[in-house]
Amino acid sequence: MPHTSASAPRVRQSEFRFRCIGCGDVGDRASQNFRCSRCKDLLEITYPQWSVSATSFPAKGVVELKSTWKQRRLSSSKVDLSGVWRFREVLPILENAEQSITLREGNTPLYEMPRCSRITGVPRLFAKH
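Under our numbering, the first residue of the sequence shown is numbered 12, with each subsequent residue one higher.
Here it is in structure tokens:
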């Protein structure tokens, strides 16, 4: 059993479904390889309460979300600078977003790799950390 700390961020469970990207079959369970039991295509995770056909896309409209996410890039808060938690409206819901743990993930730059480029014969080779 994993150790949990009283100070660890608490995540509220979101209702989700598995949907086959091939045949569209929907269910609440997935096999170990995340394949559809009907057609064997891949399953994706969907959040029905966030569907575009609903009256709102996670409680905010798409335009408002984009604006919120842009504004967060100007923030000095670690959670807002994270390339993951900046988009917290579409992630499992934290009870307190400021408790999220972040290593500034998602904002890694591209690095040009000239030596690897020469060795492999690829004209310009880039990598991400």
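A virtual CB, placed ideally from N, CA and C, is assigned to each residue, including glycine.
Under the three-state DSSP convention, the category residue i falls into
{"i": "Phe100", "result": "For the sequence presented, residue 100 should be read as Glu rather than Phe. Here Glu100 sits in helix by DSSP."}
{"i": "Lys81", "result": "helix"}
{"i": "Glu106", "result": "coil"}
{"i": "Val37", "result": "strand"}
{"i": "Glu75", "result": "helix"}
{"i": "Lys139", "result": "strand"}
{"i": "Thr141", "result": "There is no way to answer for residue 141, as the model of the chain reaches only from 12 to 140."}
{"i": "Ile56", "result": "strand"}
{"i": "Arg46", "result": "strand"}
Sequence-distant residues of its chain with Cβ nearer than 8 Å to residue i (five each side left out)
{"i": "Leu92", "result": "Arg83, Arg84, Ser86, Thr113, Arg115, Asn118"}
{"i": "Ser42", "result": "Ser48"}
{"i": "Thr131", "result": "none"}
{"i": "Lys139", "result": "Thr119, Pro120, Leu121, Tyr122"}
Burial state of residue i, where buried means 16 or more other Cβ atoms lie within 10 Å
{"i": "Cys47", "result": "buried"}
{"i": "Cys31", "result": "buried"}
Anticipated Cβ contact below 8 Å, residue i with residue j, distance rounded
{"i": "Arg28", "j": "Asp39", "result": "6 Å"}
{"i": "Val90", "j": "Ala108", "result": "5 Å"}
{"i": "Ser128", "j": "Pro134", "result": "7 Å"}
CB contact check: residue i to chain E, cutoff 9 Å
{"i": "Glu75", "result": "This model lacks chain E altogether, as it is built from one protein chain only."}
Proximal residues to residue i (C-beta, below 7 Å), its chain only, five neighbours per side dropped
{"i": "Lys81", "result": "none"}
{"i": "Leu136", "result": "Met124, Cys127, Ser128"}
{"i": "Leu53", "result": "Ile32, Phe45, Arg46"}
{"i": "Phe98", "result": "Trp80"}
{"i": "Cys50", "result": "Cys31, Gly33, Cys34"}
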